[in-house]
Amino acid sequence: MSKLLVKADKGHGRVAHVTPQNAGWTYVGFDLHRLRPGETVSGQTASREVCLVFVTGKGKAKAGGKDLGVLGERMSPFEGKPWSVYVPQGSDWSVTADTGLEVALCSAPGLGGGLPVRIIAPKDLGQEVRGKGTNTRYVTNILPEGKPADSLLVVEVITPGGHTSSYPPHKHDQDNLPAESYLEETYYHRLNPPQGFAFQRVYTDADRNGARSLDEAMAIEDGDVVLVPKGYHPCAACHGYDLYYLNVMAGPKRTWKFHNAPEHEWLMKA
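All the letters of the sequence shown, read from the start, carry residue numbers 1 to 270 under full-length UniProt numbering.
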């Protein structure tokens, strides 16, 4: 199995756990907690900032000593927009499930920005359609660069069955602004119906001999997490199975500037 593929546990509690240490990188952390009604997950952000994304279900949230009430409304990631909470560094947080609840803990280094705890409600989220034809996908911006945060960028995407996504292939692995930004990235994948599968390839440019420093092709099942430390990272959703993914990105500069694979850039004009 690819070292970039993290298989989530099928039970309850913390079912996926990505840290800079176990991923072998610097910035992005991602945990997924699956709770039964009445169960609680809590933590301290310490030197990191956190975005809690209610992927499915409802729960009572607290952060920074504030009671935020019951958040969440959708019971499937393929329906509507999520509720989220931004929690700055040096804060405590907790979520207690009212229903079955899946909450994602997206984290990155705090930079001392002094930002407040805030609820990110569905009505606050921008949505856009990207691509055309069988490259059409639907994007919900949870924590884009135009909204306050120190390091985090968080977005979710739905790709209909038979469509491609993160395509044409692009990368963001060079700290070379304004042309390209260095951003580590995780993909948390869900499928509808859940017995389906999709594909993702993570690969770098070939050298003069045709060799690539990274080239991994993965079959993605419901609940899988894919690590993107560098390189291009397109996805393909198989016919009959819609693909959802939650992206977390972070790097030395909080901006998304990507570089398209030159051999496929013609697709942008086709």
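Glycine included, each C-beta is placed from N, C-alpha and C at the ideal position.
Problem - Straight-line gap, W268 to N22 (C-alpha atoms, nearest Å) - result: Sequence check: residue 268 is Met here, not Trp. Cα to Cα, the separation comes out at about 36 angstroms.
Practice task
Can you grab the Cα-Cα spacing for the pair L191 / S165, in whole Å?
Solution key: 14 angstroms
Practice task
Indicate the three-state DSSP secondary structure (helix, strand or coil) for D124 in the structure shown.
Solution key: The three-state secondary structure of D124, taken from DSSP, is helix.
Problem - Distance, G64 Cα to S91 Cα - result: The straight-line gap from Cα to Cα measures roughly 5 angstroms.
Exercise for the section: Report, in whole angstroms, the separation of the C-beta atoms of S107 and G231, which I expect to be a contact under 8 angstroms. Expected result: 23 angstroms between Cβ atoms; not a contact.
Exercise for the section: Reducing DSSP to helix, strand and coil, say where G112 ends up. Expected result: coil
Practice task
Indicate whether G69 and A97 have their beta-carbon atoms separated by less than 8 angstroms.
Solution key: no
Handout entry: beta strand (DSSP E) segment containing Q200, residue limits
Key = 197-203
Exercise for the section: Indicate whether the contact test is met: 3 or more Cβ pairs, each with one atom in the stretch 206-222 and one in the stretch 138-152, closer than 8 angstroms. Expected result: Counting Cβ pairs under 8 angstroms, fewer than three are found: no touch.
Problem - Per-residue DSSP class, three states only, for Q174 - result: Reduced to three states, the DSSP call for Q174 is strand.
Problem - Start and end residues, alpha helix (DSSP H) containing A23 - result: 20-23
Exercise for the section: Would you decide whether R34 is buried or exposed? Buried here means 16 or more other CB atoms lie within 10 Å of its CB. Expected result: buried
Problem - Nonlocal neighbours in the same chain, by C-beta distance under 6 angstroms from P82, ignoring five residues either side - result: V53, F54
Handout entry: For E49 and V225, the rounded distance between their alpha carbons
Key = 20 angstroms
Exercise for the section: Check the DSSP bridge columns for C106 and list the partner residues they point to. Expected result: F30, C51
Exercise for the section: For the stretch 71-104, list the beta strand (DSSP E) runs that are entirely contained and at least 3 residues long, ordered along the chain. Expected result: If we require 3 residues or more, the beta strand (DSSP E) runs fully inside the stretch 71-104 come out as 83-87, 92-97.
Handout entry: Identity of the residues DSSP links to L5 by a beta bridge
Key = V226
Problem - Distance CB(N247)-CB(P168) smaller than 8 angstroms - result: no
Problem - Beta-carbon proximity of F258 to H170, cut-off 8 angstroms - result: yes
Problem - When D9, V95, L183, P194 are compared against C51, the one with the closest alpha-carbon - result: V95
Exercise for the section: Enumerate in chain order the residues of its own chain whose CB-to-CB distance from A149 is below 6 angstroms, with the five nearest sequence positions on each side excluded. Expected result: L143
Exercise for the section: Check whether the Cβ atoms of G161 and D242 lie closer than 8 angstroms to each other. Expected result: Yes, these two residues count as a Cβ contact at 8 angstroms.
Exercise for the section: May I ask you to report which of helix, strand or coil DSSP gives E39? Expected result: Coil at E39, not helix or strand.
Practice task
Tell me whether T134 sits in a helix, a strand or coil according to DSSP, three-state version.
Solution key: helix
Exercise for the section: From the DSSP output, read off the bridge partner residues of R14. Expected result: H33
Problem - Contact under 8 angstroms by Cβ, T159 with A46 - result: no
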